[in-house]
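**Q**
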Amino acid sequence: MKRESFGSRLGFILVSAGCAIGIGNVWKFPYICGAYGGAAFILIYLCFLVILGIPVLVAEFAVGRGSHTSVAKCFDKLAPAGSCWKPLKFIGIIGCYMLMMFYTTVGGWMIYYCVKSLRGDFVGATPEAVTQSFSDMLGNAPTMMLWMVIICLIGFAVCFMGLQNGIEKISKVMMSALLIIMVILAVHSVMMEGAGEGIRFYLIPDFQKIKEAGVGNVVFAALSQSFFTLSIGIGAMLIFGSYLDKSRSLTGEAVSITVLDTFVALTAGFIIIPACFSYGIQPDAGPSLIFITLPNVFQQAFSGVPILAYIFSVMFYVLLAMAALTSTISLHEVVTAYLHEEFNFTRGKAARLVTGGCIFLGILCSLSLGVMKGFTIFGLGIFDLFDFVTAKIMLTLGGLCISIFTGWYLDKKIVWSEITNDGSLKVPVYKLIIFILRYIAPIAISLIFINELGLIKL
20 MKRESFGSRL GFILVSAGCA IGIGNVWKFP YICGAYGGAA FILIYLCFLV
70 ILGIPVLVAE FAVGRGSHTS VAKCFDKLAP AGSCWKPLKF IGIIGCYMLM
120 MFYTTVGGWM IYYCVKSLRG DFVGATPEAV TQSFSDMLGN APTMMLWMVI
170 ICLIGFAVCF MGLQNGIEKI SKVMMSALLI IMVILAVHSV MMEGAGEGIR
220 FYLIPDFQKI KEAGVGNVVF AALSQSFFTL SIGIGAMLIF GSYLDKSRSL
270 TGEAVSITVL DTFVALTAGF IIIPACFSYG IQPDAGPSLI FITLPNVFQQ
320 AFSGVPILAY IFSVMFYVLL AMAALTSTIS LHEVVTAYLH EEFNFTRGKA
370 ARLVTGGCIF LGILCSLSLG VMKGFTIFGL GIFDLFDFVT AKIMLTLGGL
420 CISIFTGWYL DKKIVWSEIT NDGSLKVPVY KLIIFILRYI APIAISLIFI
470 NELGLIKL
């Protein structure tokens with residue numbers, strides 16, 4: 020079976036970055052940054068991104084390209100005979116599928132809010148009306164199901180078209196548009212009256228704020244965000260690494276993707292934090308920031324020019340919808356490639372099966388926030404359960420396994436060949452990456468795992 024590859028380096032970077040860049044970059048990073056000290060938090064976050072994020076991302080790319088297959092067969096092909104690594108592929112498959120439920124549900128909200136913005140529903144709306152609009156959406160079963168199904172079908176259509184003709188082409192367009200919209204919104208935000216205080220909070224480190232938030236809390240929040248932001252641990256980056264040809268440096272590509280991912284996160288902060296300070300709103304408002312706080316910010320900012328409130332509101336929710344879509348498409352591809360390679364299904368049949376299952380489970384997931392709110396498993400609604408299992412268990416376990424497998428068990432010739440590109444990378448850099456994968460990453464990810472489960476608190 021002939022395996023596809025990317026048509027260009029830019030395509031690989033934008034597709035991989037699109038997988039990493041999701042709602043967490045545009046929404047979660049700014050409010051975590053707001054909660055844990057602004058610029059001081061960012062400095063710690065960037066350090067952990069270099070120390071932990073990039074080496075583990077390189078490891079996942081190395082396993083993908085070294086096996087030249089998806090998470091479906093990579094451990095079968097690369098794991099030592101008689102070892103216990105082969106069943107670990109199911110962490111990636113199950114994790115990606117469950118994470119798709121989260122992204123299709125929340126992505127459906129984003130598309131719905133795009134439509135509401137295009138209709139002008141928020142123009143002139145009172146804060147009470149904006150708040151009620153979000154509550155009404157969660158309780159409206161047909162609306163929740165419709166938009167979740169739409170985003171599933173978009174993911175199906177893109178994956179059905181294949182890697183180059185579908186995923187690569189669409190990701191290039193969406194990521195380019197996403198970056199342009201973000202820059203426009205950020206420039207506007209920093210020029211708002213009263214935004215200076217927010218810019219200082221965001222750019223000038225004040226380590227007293229770390230003490231106020233708790234040093235352990237800030238350090239751990241930065242450590243966790245540096246790991247989760249790159250979508251490592253569930254095979255999403257592994258599958259794209261498997262499509263990469265040998266002429267590319269895995270370390271160089273990992274750095275490029277990390278820089279782009281960080282640029283988006285930091286730019287999102289420039290959109291949200293100065294605007295919040297300008298209107299006396301707390302930037303650590305959490306989930307309500309996107310659906311309740313920011314629509315009100317747009318109304319206040321352009322109270323005398325409704326057309327501008329309309330334009331910027333539409334642009335913001337288009338941005339969020341594209342962030343959700345790029346991640347959804349990437350997750351869809353992981354499971355589609357698994358069925359395509361493991362069971363020799365055609366790409367079309369594999370994509371249809373993934374989409375059908377996603378729609379069924381996604382409906383249950385989306386309704387669990389409204390009409391099925393009383394139905395719980397282990398005390399959690401279906402949406403919260405999927406979020407808990409993927410974010411707190413699957414991602415961390417997957418990242419831990421990739422680090423240990425690459426650092427200790429993967430054939431040394433393959434590790435050397437993939438990470439150094441047959442010797443082109445300097446030996447000290449290679450040794451540093453291996454040292455991190457063997458010793459630092461397993462300890463750091465283990466701390467994330469046991470803290471996410473509430474077993475310790477730093």
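Taking the numbering used here, the leading residue of the sequence shown gets 20, the next gets one more, and so forth.
Every residue, glycine too, gets a C-beta built ideally from N, C-alpha and C.
Predicted, not measured: the structure shown is a model, and the values here were computed from it.
#1: Determine the direct distance from the alpha carbon of F48 to that of F220, and round the result to whole angstroms.
#2: If you run the structure through DSSP and keep just helix, strand and coil, what is I396?
#3: According to the neighbour-count rule (16 or more other Cβ atoms, all chains shown, within 10 Å of its Cβ), is F246 buried or exposed?
#4: Considering only C-alpha positions, which residue in the set V390, L419, G233 and G181 is nearest to D155?
#5: Could you name the residues of the same chain whose beta carbon sits closer than 6 Å to that of L33, not counting the 5 residues immediately before and after it, in chain order?
#6: Going by Cα to Cα distance, which pick from D430, K432 and T415 is closest to V75?
#7: Quick one: complete alpha helix (DSSP H) runs, 4+ long, within the stretch 246–270?
#8: With distance defined between alpha-carbon atoms, name the residue in A54, E147, G114 and P161 nearest to W128.
#9: Is L414 close to chain D? Criterion is C-beta to C-beta, closer than 8 Å.
#10: At what residues does the alpha helix (DSSP H) containing I173 begin and finish?
#11: For Q244, which residues in the same chain have their Cβ closer than 7 Å to its Cβ, ignoring the five residues on either side in sequence?
#12: Between the stretch 107–126 and the stretch 90–99, do at least 3 Cβ pairs fall closer than 8 Å?
#13: Quick one, are the C-beta atoms of C384 and M120 less than 8 Å apart?
#14: Work out the CA separation of L242 and S35 for me, nearest whole Å.
#15: Given a cut-off of 8 Å on the beta-carbon distance, is the pair I186 and I348 in contact?
#16: Which residues in the same chain have their Cβ closer than 8 Å to the Cβ of L444, if we skip the five residues on either side of it in sequence?
#17: With a cut-off of 8 Å on the beta carbons, I'd call I412 and V168 a contact; round off their distance for me.
#18: Quick one, are the C-beta atoms of T4 and L172 less than 8 Å apart?
#19: Between the C-alpha atoms of F153 and F394, what's the straight-line distance to the nearest angstrom?
#20: Which residue from F239, M341, F310 and K432 puts its Cα closest to that of V149?
#21: Let's test the definition: count the other Cβ atoms within 10 Å of the Cβ of R366 and tell me whether it reaches 16, buried, or not, exposed.
#22: Between which two residues does the alpha helix (DSSP H) carrying A460 extend?
#23: Taking just the CA atoms, how far does C295 sit from G417?
#24: Let me know if M19 comes out buried or exposed under the rule of 16 or more other beta-carbons within 10 Å of its beta-carbon.
#25: Do you know whose CA, among C66, K450 and Y262, lies nearest V278's CA?
#26: Give the range of the alpha helix (DSSP H) segment to which P99 is assigned.
#27: Please go through the same chain and pick out, in chain order, the residues whose beta-carbon is closer than 8 Å to the beta-carbon of I462, but skip the five residues on each side of it.
#28: If you run the structure through DSSP and keep just helix, strand and coil, what is N236?
#29: For T425, I'd like the list of residues in its chain whose CB is within less than 7 Å of its CB, leaving aside the five on either flank, ordered along the chain.
#30: Compare the Cα-Cα distances from S465 to each of F239, P224 and E231 and report the closest residue.
**A** Put simply:
#1: Just so you know, the alpha carbons of F220 and F48 end up roughly 15 Å apart.
#2: In the structure shown, the three-state DSSP call for I396 is strand.
#3: With 16 or more Cβ atoms within 10 Å of its Cβ, F246 is classed as buried.
#4: Cα-wise, what sits closest to D155 is V390.
#5: For L33, where only same-chain residues beyond five positions count, the Cβ hits under 6 Å are S190, K191 and M194.
#6: Per the Cα distances, T415.
#7: Given a length threshold of 4 residues, each whole run of the alpha helix (DSSP H) inside the stretch 246–270 is given here in chain order: 255–261.
#8: The residue with the shortest Cα to Cα distance from W128 is P161.
#9: Among the protein chains of the structure shown there is no chain D, as only one such chain exists.
#10: Segment A160 to F179, the alpha helix (DSSP H) holding I173.
#11: Cβ neighbours of Q244 beyond the five flanking positions: F48, I51 and Y64.
#12: Yes: the two stretches touch, three or more of their Cβ pairs being nearer than 8 Å.
#13: Yes, the pair counts as a contact, with Cβ atoms nearer than the cut-off.
#14: So the two alpha carbons sit approximately 21 Å from each other.
#15: Closer than 8 Å, so yes.
#16: If the five residues before and after L444 are omitted, its C-beta is found closer than 8 Å to the C-beta atoms of S268, T270 and I438, all from its own chain and listed in chain order.
#17: Not really, about 27 Å apart at Cβ, beyond 8 Å.
#18: This structure leaves residue 4 out entirely; the chain is present only between 20 and 477.
#19: Spanning the two alpha carbons is a distance of roughly 21 Å.
#20: With distances taken between Cα atoms, V149 lies closest to F310.
#21: The residue is buried, with at least 16 neighbouring Cβ atoms inside 10 Å.
#22: Segment A460 to E471, the alpha helix (DSSP H) holding A460.
#23: Near 36 Å, if we compare the C-alpha coordinates of C295 and G417.
#24: Since the first residue of the chain shown is 20 and the last is 477, residue 19 is not available in this structure.
#25: Among C66, K450 and Y262, the Cα nearest to that of V278 belongs to C66.
#26: Where P99 is concerned, there is no enclosing alpha helix (DSSP H), given that its DSSP letter is neither H nor E.
#27: By the criterion of a C-beta distance shorter than 8 Å, I462 is surrounded by no residue of its chain, once the five residues flanking it on both sides are discounted.
#28: Looking at N236 - three-state DSSP - the assignment turns out to be helix.
#29: If the five residues before and after T425 are omitted, its C-beta is found closer than 7 Å to the C-beta atoms of A78, A81, V82, V434 and L456, all from its own chain and listed in chain order.
#30: For the residues F239, P224 and E231, the minimum Cα distance to S465 belongs to F239.
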